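Protein chains in written order, with my numbering: chain A, 1 to 266; chain B, 1001 to 1344; chain C, 2001 to 2306.
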């Protein structure tokens, strides 16, 4: 009997999802188009031109800032995801034990305070350390970003973990597998979509941070958002669009490569 | 698992790059965003063989807060004249004595011995400007040299006026509009200010900084704004005019100071001297579109700025200019309360 | 010779100790670079404002009083701080509406992504995050471009003849909502996706075998199973949205303060760091209490695992 009833289908869901994807990319398309704007405006079209790409190429400050954003973002996201995974394993799928609620609150704490407050607090705290040790490299920014990215990575991973029951892992233990082996061969592959989701989220959050970075940064440590913040009062030009387009392109290329490489592994 | 090793390698490389050594002969400038001419910097770098880094800030308060805490790594900062006395009083700047430097003779007499830095012991003028009213004359043809455009908006402009959310500028303008004195302690005047602001707000469409875009696109038809921004708007649309309110308008100047914790003091001093040279001052002005306080720079100014009414204050309006000052903390407190009341 | 009970207890202790070790790095980083420095903020909330920002090391409860009560500027009467309440409620309202909007849009999207074939699922995951690799400010400006009076949305509607003059969307609350939903969508989609991807569709099939309607299956089978994801998503949207100010400023015109604007004012032009500190701690406590209550309650009816 031909069964055309799909158990996965829910009415309207695909339509909504499709609309979401279109709407998500629409502003991006606009952004890319205006990168080619001959006029100095990000809203009035004045003809087609490559001049913003040229000026962006020569603007060492903005390229520097963008590279730094990605650098900090990548490092912070990786660390945050690793720590978050460990923390999720520690706080999920267990009967309540003393300190569990405290841990949960502590891990999510960075979310709960407006960024300006964390920014000011870190400014005061880190300045003391900067003066004391004389070190003023990117370490502070990376530490700060890792800290506030952890809850963003933690929550998706935890959500995923809560859906995984322990039977498979128990079976592995019964077969004398060590905890590490169990983790690597069973838990990790099952958890992977959650980890990936957490990683993506952490990266995106770090890239966008402006307030905390503004207060923690030292000389020569502008990121793209802090650079743009400075632009707002004096007028933004499509140079920003040009930079964003280039990096968007790069991101897409990197992601596609990563995708193909991991496909090959299978 | 080849991709794993690649990933680790990339990761290590990223980490390592965070500790790359710096070159010798440096200068770290902490300035407003989009305010430093890359050409003038290149000229400075070439002349003195110094590598210049620029880090941005978006407000006087952020800059003050960061420098106060220390350990920033900046050599030079550019606070506004209202803040310069605070920086001096709190011991954040070095006495580099620009008043005795070689190029100091070029500084215009009215800016050579200001109240905020007597004898110019610490600072050098970077840019000068005013705060006024910008109107798109296609939308409104009446007289616009008054804060009434903002606080008692004519019908044609209702719902099309923007106000740049600089608290001190707006309250200064409102005080002038109701006839008071800058930093007044008169509660009656302040009450009128509060009431005027709250009554005027429904006629405003927005309170944001993005005036160049929005005036150009026609989203706004009038706004309070800085003169340099108005210049850019007029160059994009000749119907846009900058007006100096007759009730009184604010005059400001941003100044270059050398931080006490500066590591490259000699290079910083060279920079302070460098920007007092007429040609360099004009180069800076050409980028940020504001006037400078250096005599003789007008030879080098770009054509569209030489006689621009935004840059050169017309003689008739000069008497209404008033240098903005920092008010006492209790007064600032009242201002903040009025501002919160306005925006709640 | 240890009894079975003692062995079990020892194992339990070891388990708890392991769990502390596992969560140690996360807790350490957060303590050093987020929570710890907040102690400074707590201390600051009990000090006196410095003349030009920063603080004077002098005890004062003024800041905490000012969070809840205000003195009228001109006639000195004491009353509840109406401005603070208004601003707080405004931010809460926006957060709630944003959370609902992103849930309504994000749930189907996550479902769609989770029901793709194994091969393409990762691809969809990347696809949904790529737009968010561009800067928030730029994205918000791009949204602005679209909803402006001469923007794409209005132009299309005009050309299609649906409207006769441009609808003023920009600078209204609708604009803010559109912007917020746009910005916070991935924070809702990703956790729900992570939860849904593991969904065992045999359970769904069982529901249909028992003649349940699609809606009933959705409500009684799918939704409870992906609840952890929905909870995570809601938290990740609601709390950051509470602290949002870039998007509301750019799209709403900045005429009305959000919670973050109020706090930022105290650390900026307002020069009252103790008040800013006190406001922040107050907000944090309220949010933390709400968060714990929400998680306790919502988690109660979750699926139990042994």
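Beta carbons are placed, not taken as given, at the ideal position from N, Cα and C, and that holds for glycine. Quick caveat: nothing in here was measured; it's all calculated off a predicted structure.
Residue i versus residue j - alpha carbon distance
i, j, result
"residue 1147(B)", "residue 1140(B)", "15 Å"
"residue 87(A)", "residue 106(A)", "11 Å"
"residue 1021(B)", "residue 138(A)", "Unreliable placement is indicated for residue 1021(B), whose pLDDT of 39 sits below 50; the coordinate value is still reported in the next sentence. So the alpha carbons of these two residues sit roughly 13 Å apart."
"residue 2175(C)", "residue 27(A)", "14 Å"
"residue 24(A)", "residue 2104(C)", "15 Å"
"residue 20(A)", "residue 1244(B)", "49 Å"
"residue 2247(C)", "residue 1313(B)", "37 Å"
"residue 1328(B)", "residue 1183(B)", "8 Å"
"residue 205(A)", "residue 211(A)", "12 Å"
"residue 1316(B)", "residue 1167(B)", "27 Å"
"residue 2055(C)", "residue 124(A)", "12 Å"
"residue 2004(C)", "residue 2015(C)", "16 Å"
"residue 2024(C)", "residue 177(A)", "25 Å"
"residue 67(A)", "residue 109(A)", "29 Å"
"residue 2073(C)", "residue 2099(C)", "37 Å"
"residue 2353(C)", "residue 116(A)", "Residue 2353(C) is absent from the model: chain C starts at 2001 and stops at 2306."
"residue 2124(C)", "residue 2219(C)", "25 Å"
"residue 1310(B)", "residue 1211(B)", "16 Å"
Where residue i meets chain A, residues with beta-carbon distance less than 7 Å
i, result
"residue 1232(B)", "235"
"residue 1212(B)", "235"
Bridge partners - residue i, DSSP secondary structure assignment
i, result
"residue 2055(C)", "2049(C)"
"residue 2070(C)", "2079(C)"
"residue 1077(B)", "1030(B) and 1257(B)"
"residue 1125(B)", "1255(B)"
"residue 1056(B)", "1031(B)"
Neighbour flag for residue i against chain C, beta carbons, 7 Å
i, result
"residue 1343(B)", "yes"
"residue 1281(B)", "no"
"residue 78(A)", "no"
"residue 1165(B)", "yes"
"residue 1278(B)", "no"
"residue 1208(B)", "yes"
"residue 1337(B)", "yes"
"residue 1086(B)", "yes"
"residue 1329(B)", "yes"
Beta carbon proximity, residue i to chain B, threshold 7 Å
i, result
"residue 2166(C)", "no"
"residue 222(A)", "yes"
"residue 2063(C)", "no"
"residue 2184(C)", "no"
"residue 254(A)", "no"
"residue 49(A)", "no"
"residue 2093(C)", "no"
"residue 2306(C)", "Model confidence at residue 2306(C) stands at a pLDDT of 31, short of 50, so the residue's coordinates are unreliable and nothing is read from them."
"residue 2257(C)", "yes"
Closer than 7 Å to chain A by CB, residue i
i, result
"residue 2198(C)", "yes"
"residue 1058(B)", "yes"
"residue 2112(C)", "yes"
"residue 2040(C)", "yes"
"residue 2248(C)", "no"
"residue 1286(B)", "no"
Contacts that residue i makes with chain A (C-beta to C-beta distance below 8 Å)
i, result
"residue 2260(C)", "114, 115 and 116"
"residue 2050(C)", "Neighbours of residue 2050(C) on chain A: none; closest Cβ ~13 Å, over 8 Å."
"residue 1028(B)", "219 and 220"
Chain B residues whose Cβ lies nearer than 9 Å to that of residue i
i, result
"residue 229(A)", "1033, 1056, 1057 and 1058"
"residue 123(A)", "1065, 1066 and 1069"
Closer than 7 Å at the beta carbon, the chain B residues around residue i
i, result
"residue 136(A)", "1071 and 1073"
"residue 2074(C)", "1187 and 1191"
"residue 131(A)", "1070 and 1071"
Per-residue contacts from residue i into chain B (C-beta, under 8 Å)
i, result
"residue 2086(C)", "1344"
Chain C contact residues for residue i, given Cβ-Cβ distances below 7 Å
i, result
"residue 184(A)", "Chain C residues near residue 184(A): none, gap ~15 Å exceeds 7 Å."
Chain-ordered neighbours of residue i on chain A, where CB pairs are closer than 9 Å
i, result
"residue 2145(C)", "27, 30, 31, 34, 42 and 43"
Contact list for residue i against chain D, beta-carbon separation under 8 Å
i, result
"residue 215(A)", "Judged by its chain identifiers, the structure shown contains no chain D, and its protein chains are A, B and C."
Whole alpha helix (DSSP H) elements within the segment 180-258 of chain A, 4-residue minimum: 188-208, 211-216 and 224-232
Segments assigned alpha helix (DSSP H), at least 4 residues, entirely inside the segment 27-61 of chain A: 51-58
Which full runs of the alpha helix (DSSP H) of 4+ residues lie inside the segment 110-136 of chain A, going along the chain? Within the segment 110-136 of chain A, the complete alpha helix (DSSP H) runs of at least 4 residues fall at 115-133.
Just list the beta strand (DSSP E) runs in the segment 1236-1304 of chain B, keeping only unbroken ones of 3 residues or longer that don't cross its boundaries, in chain order. Correct list: 1240-1243 and 1249-1258.
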